[in-house]
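Trainee: One structure, as structure tokens, below. Some questions next.
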Amino acid sequence: MFNQPSQSTDIRRIAVIGSGLSGLTAGIRLSQQGHEVRVFEKSRGPGGRLAAKRVEGGSADIGAQYFTARNPAFLPFLKEFAGENAFQMWQGRFGFRNERGEWDSFPDEPRYVGSPRMTAITRALSAHLEVIAETRIGALRKAGGGWSLADTEGTALGEFDQVIVTAPPAQAQVLLADSDLAELAAVLDEPVKKVLPCWAVAVHFAKPLTMAYEGMRVEHPVLYWVANNSSKPGREDSGQWWVLHANPDWTERHVDTPASEVAKLMVHAFRVLTGVAGEPGDVVTHRWLYARSSDGDQPGHLWFPDQNIGIAGDWLSGGRVEGAFNSACSLVEAMSEDR
Ligand SMILES: Cc1cc2nc3c(=O)[nH]c(=O)nc-3n(C[C@H](O)[C@H](O)[C@H](O)COP(=O)(O)OP(=O)(O)OC[C@H]3O[C@@H](n4cnc5c(N)ncnc54)[C@H](O)[C@@H]3O)c2cc1C
Numbered sequence: 102m103f104n105q106p107s108q109s110t111d112i113r114r115i116a117v118i119g120s121g122l123s124g125l126t127a128g129i130r131l132s133q134q135g136h137e138v139r140v141f142e143k144s145r146g147p148g149g150r151l152a153a154k155r156v157e158g159g160s161a162d163i164g165a166q167y168f169t170a171r172n173p174a175f176l177p178f179l180k181e182f183a184g185e186n187a188f189q190m191w192q193g194r195f196g197f198r199n200e201r202g203e204w205d206s207f208p209d210e211p212r213y214v215g216s217p218r219m220t221a222i223t224r225a226l227s228a229h230l231e232v233i234a235e236t237r238i239g240a241l242r243k244a245g246g247g248w249s250l251a252d253t254e255g256t257a258l259g260e261f262d263q264v265i266v267t268a269p270p271a272q273a274q275v276l277l278a279d280s281d282l283a284e285l286a287a288v289l290d291e292p293v294k295k296v297l298p299c300w301a302v303a304v305h306f307a308k309p310l311t312m313a314y315e316g317m318r319v320e321h322p323v324l325y326w327v328a329n330n331s332s333k334p335g336r337e338d339s340g341q342w343w344v345l346h347a348n349p350d351w352t353e354r355h356v357d358t359p360a361s362e363v364a365k366l367m368v369h370a371f372r373v374l375t376g377v378a379g380e381p382g383d384v385v386t387h388r389w390l391y392a393r394s395s396d397g398d399q400p401g402h403l404w405f406p407d408q409n410i411g412i413a414g415d416w417l418s419g420g421r422v423e424g425a426f427n428s429a430c431s432l433v434e435a436m437s438e439d440r
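The working numbering numbers the first residue of the sequence shown as 102 and each following residue consecutively.
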């Protein structure tokens, strides 16, 4: 059974780099098999691109907006390890706007969100693991048959039999190159080129806006997605927080534009797009350099048995939240079969 612990006879020390959904999934599945797992995360807390920013009255999801659960193993995993209360279905209306400005509804499909914020899921998952936060892994050095890890200051962080890297491809490539693993780093040349950036803005409206949709995917010169974050279950905002994502081309052209200027341009575009008359209030911004992968041809995971290094992440399995889960599961399966 997928979610049942299966104790293996050889216990390995395994380091997982990154505590996004793929790192946490891999960590939990390997711990379930009896291995000693330690997760390293460069940021203050777990979550990666399942991210929320504190805003007045609550928080706004500035990374992933919702997720699907087409893999029948995904929801049972979340229920077991994050708990039933960490996520809920988002019963919103979702629309797509084409280049000609015509609107159509999204196909019916359950869409889920963390509750009361996206990071509720990864916080709960991380409680099952030892997560060392604020620790950016700078290099792996050969130690016996395994690896010794060091942070970017060169501080030694222990020895491990195997290492799983779940950073986005550009960050994974730097880590591998700095670890004298040029051949492995070269495997990521193409994936690095296919990751797209995204400027994200959350903007508050004291007076709720009336819209036909809670979530809108738009073909637009500036915007890619806009959503009423306050319509997600578990949010108790006064007024409404709207989350706006810029499209990759516009983001690329504005990658070095100051955040305050980006916010102005994106909020203006939102108001023109929707005809919103209400005055915007507080704004928060976030620049994602590595938001999504445009690659359609993905192997699920990468496992290098000679080096005892595995790579997992959404970009190896269709992008998106569920892809991160799928990638981690397929890597763990490959590692288990390899013994
Ligand atoms: C703006 C935006 C909107 C999105 N919208 C959706 C959506 O609506 N639906 C959907 O399904 N998906 C969406 N996604 C994609 C979704 O967020 C990702 O697919 C998923 O969260 C990726 O998980 P991951 O674990 O593979 O990677 P990440 O979440 O990126 O995790 C990688 C982790 O590795 C850490 N790390 C990197 N380098 C190091 C290092 N050297 N040492 C230690 N730690 C390191 C990072 O800090 C990070 O926490 C969106 C993403 C963005 C940015």
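Even for Gly, the Cβ is constructed at its ideal location relative to N, Cα and C. Source: prediction; values computed, not measured.
Which residues bound the alpha helix (DSSP H) around V517?
Mentor: An answer regarding residue 517 cannot be provided, because it is not within the stretch 102 to 440 covered by the chain.
Trainee: So who's on the other strand from Y167, going by DSSP bridges?
Mentor: One-based indexing of the sequence shown puts residue 167 at position 66. BP columns for Y167 are empty, so no partner.
Trainee: How long is the line joining the alpha carbons of M102 and L417, rounded to whole angstroms?
Mentor: Counting from 1 along the sequence shown, the entry for residue 102 is found at position 1. Counting from 1 along the sequence shown, the entry for residue 417 is found at position 316. In this predicted model, M102 has a pLDDT of only 35, less than 50, meaning its place in the structure is not dependable enough to derive any value.
Trainee: Going by the CB atoms, is the gap between V156 and A301 shorter than 8 Å?
Mentor: As a first step, residue 301 is located in the sequence shown; it is residue number 200 there, counting from the start. As a first step, residue 156 is located in the sequence shown; it is residue number 55 there, counting from the start. The beta carbons of A301 and V156 sit no closer together than 8 Å.
Trainee: Is the CB-CB distance between S132 and L226 below 8 Å?
Mentor: Here residue 132 refers to the residue found at position 31 of the sequence shown. Here residue 226 refers to the residue found at position 125 of the sequence shown. Contact flag unset, no.
Trainee: Please report the straight-line C-alpha distance between E260 and A116, rounded to a whole angstrom.
Mentor: The residue you call residue 260 lines up with position 159 of the sequence shown. The residue you call residue 116 lines up with position 15 of the sequence shown. Here the alpha carbon of E260 sits roughly 9 Å from the alpha carbon of A116.
Trainee: Sorted by chain position, which residues of the same chain lie with C-beta nearer than 6 Å to E320's C-beta, five sequence neighbours on each side aside?
Mentor: Locating residue 320 in the sequence shown gives position 219, where the first residue counts as 1. Taken in chain order, the residues that qualify are N199, E200.
Trainee: To the nearest angstrom, report how far apart R372 and Y314 are at their CA atoms.
Mentor: Residue 372 sits at position 271 when you count from the first residue of the sequence shown. Residue 314 sits at position 213 when you count from the first residue of the sequence shown. Cα to Cα, R372 sits roughly 15 Å from Y314.
Trainee: Name the DSSP bridge partner or partners of T386?
Mentor: Here residue 386 refers to the residue found at position 285 when the sequence shown is read from its first residue. According to DSSP, which records beta bridges pairwise, T386 is partnered with V302.
Trainee: To the nearest angstrom, how far is it from the Cα of G146 to the Cα of P177?
Mentor: Your numbering for residue 146 matches position 45 in the sequence shown. Your numbering for residue 177 matches position 76 in the sequence shown. Straight-line Cα distance between these residues: approximately 24 Å.
Trainee: Suppose contacts are defined by Cβ-Cβ distances below 8 Å. Is S120 in contact with V214 by that definition?
Mentor: Counting from 1 along the sequence shown, the entry for residue 120 is found at position 19. Counting from 1 along the sequence shown, the entry for residue 214 is found at position 113. Against a cut-off of 8 Å, the Cβ pair of V214 and S120 comes out as no contact.
Trainee: Taking 8 Å as the cut-off, decide whether the C-beta atoms of A268 and L258 are in contact.
Mentor: Taking the first residue of the sequence shown as position 1, residue 268 is located at position 167. Taking the first residue of the sequence shown as position 1, residue 258 is located at position 157. No, the Cβ-Cβ distance between A268 and L258 is not below 8 Å.
Trainee: Is R171 near ligand 1, judged by its Cβ being under 7 Å from some heavy atom?
Mentor: Looking up residue 171 in the sequence shown gives position 70. No.
Trainee: Could you check the C-alpha separation between G419 and E137 for me, to the nearest Å?
Mentor: Here the question's residue 419 lines up with position 318 in the sequence shown. Here the question's residue 137 lines up with position 36 in the sequence shown. If you take the alpha carbons of G419 and E137, they lie about 29 Å apart.
Trainee: Quick one: does the C-beta of V293 sit closer than 7 Å to a heavy atom of ligand 1?
Mentor: The count along the sequence shown starts at 1 and reaches residue 293 at position 192. Look at V293: its beta carbon is at least 7 Å from all of the heavy atoms in ligand 1.
Trainee: State the beta-bridge partners of D205 as determined by DSSP.
Mentor: The residue you call residue 205 lines up with position 104 of the sequence shown. DSSP, once it has assigned bridges, lists F197 as partnering D205.
Trainee: Hey, out of I410, A152, D415, F141, whose CA is closest to E284's CA?
Mentor: Translated into the one-based positions of the sequence shown, residue 284 becomes position 183. Ranking I410, A152, D415, F141 by Cα distance to E284 puts I410 first.
Trainee: Are the CB atoms of A413 and A152 nearer to each other than 8 Å?
Mentor: Along the sequence shown, read from residue 1 onward, the residue named residue 413 stands at position 312. Along the sequence shown, read from residue 1 onward, the residue named residue 152 stands at position 51. In this structure, A152 does not lie closer than 8 Å to A413 by Cβ.
Trainee: Among residues of its own chain, excluding the 5 on either side of Q105, which ones have a beta-carbon nearer than 6 Å to its beta-carbon?
Mentor: Here the question's residue 105 lines up with position 4 in the sequence shown. Because the pLDDT at Q105 is just 46, under 50, the model does not fix this residue reliably, and the point stays unresolved.
Trainee: By DSSP, does H369 sit in helix, in strand, or in coil?
Mentor: Walking along the sequence shown from the start, residue 369 turns up at place 268. In the three-state DSSP reduction, H369 falls in the helix class (H, G or I).
Trainee: Keeping to the same chain, check which residues put their C-beta closer than 7 Å to that of E362; ignore five residues upstream and five downstream.
Mentor: For the purposes of this step, residue 362 is taken as the residue at position 261 of the sequence shown. For E362, where only same-chain residues beyond five positions count, there are no Cβ hits under 7 Å.
Trainee: Is F168 near ligand 1 - that is, is its Cβ less than 7 Å away from at least one heavy atom of it?
Mentor: By one-based count along the sequence shown, residue 168 stands at place 67. Checking every heavy atom of ligand 1 against the Cβ of F168, one is found closer than 7 Å.
Trainee: Using 8 Å as the threshold, is the C-beta distance between H387 and I222 below it?
Mentor: Stepping through the sequence shown from its first residue, residue 387 is reached at position 286. Stepping through the sequence shown from its first residue, residue 222 is reached at position 121. Cβ atoms of H387 and I222: not closer than 8 Å.
Trainee: Examine ligand 1 and report whether any of its heavy atoms sits within less than 7 Å of the Cβ of F188.
Mentor: On the sequence shown, residue 188 is found 87 positions in, with the first residue counted as 1. No.
Trainee: Given a cut-off of 8 Å, decide if G159 and P217 are closer than it, judged by their beta-carbon atoms.
Mentor: Start at 1 with the first residue of the sequence shown, and residue 217 comes out as number 116. Start at 1 with the first residue of the sequence shown, and residue 159 comes out as number 58. Yes.
Trainee: For Q341, which of helix, strand or coil comes out of DSSP?
Mentor: Residue numbering aside, residue 341 sits at position 240 when the sequence shown is read from its first letter. Note: Q341 maps to strand in three-state DSSP.
Trainee: In whole angstroms, give me the CA-to-CA distance for K365 and W342.
Mentor: The count along the sequence shown starts at 1 and reaches residue 365 at position 264. The count along the sequence shown starts at 1 and reaches residue 342 at position 241. Roughly 16 Å between the two C-alpha positions.
Trainee: Could you please give the first and the last residue of the uninterrupted beta strand (DSSP E) stretch that includes R150?
Mentor: Taking the sequence shown and counting its residues from 1, one reaches residue 150 at position 49. It is not in any beta strand (DSSP E) - R150 carries neither H nor E in the DSSP assignment.
Trainee: For I118, count neighbouring Cβ atoms within 10 angstroms of its own Cβ and tell me buried if that reaches 16, exposed if not.
Mentor: Indexing the sequence shown from 1 puts residue 118 at position 17. With 16 or more other Cβ atoms within 10 Å, it is buried.
Trainee: Assuming the contact rule is C-beta atoms closer than 8 Å, E423 and F175 should be a hit. Round their C-beta distance to whole Å, please.
Mentor: Within the sequence shown, numbered from 1, the residue matching residue 423 stands at position 322. Within the sequence shown, numbered from 1, the residue matching residue 175 stands at position 74. Indeed, because the Cβ distance is near 6 Å, the residues count as touching under 8 Å.
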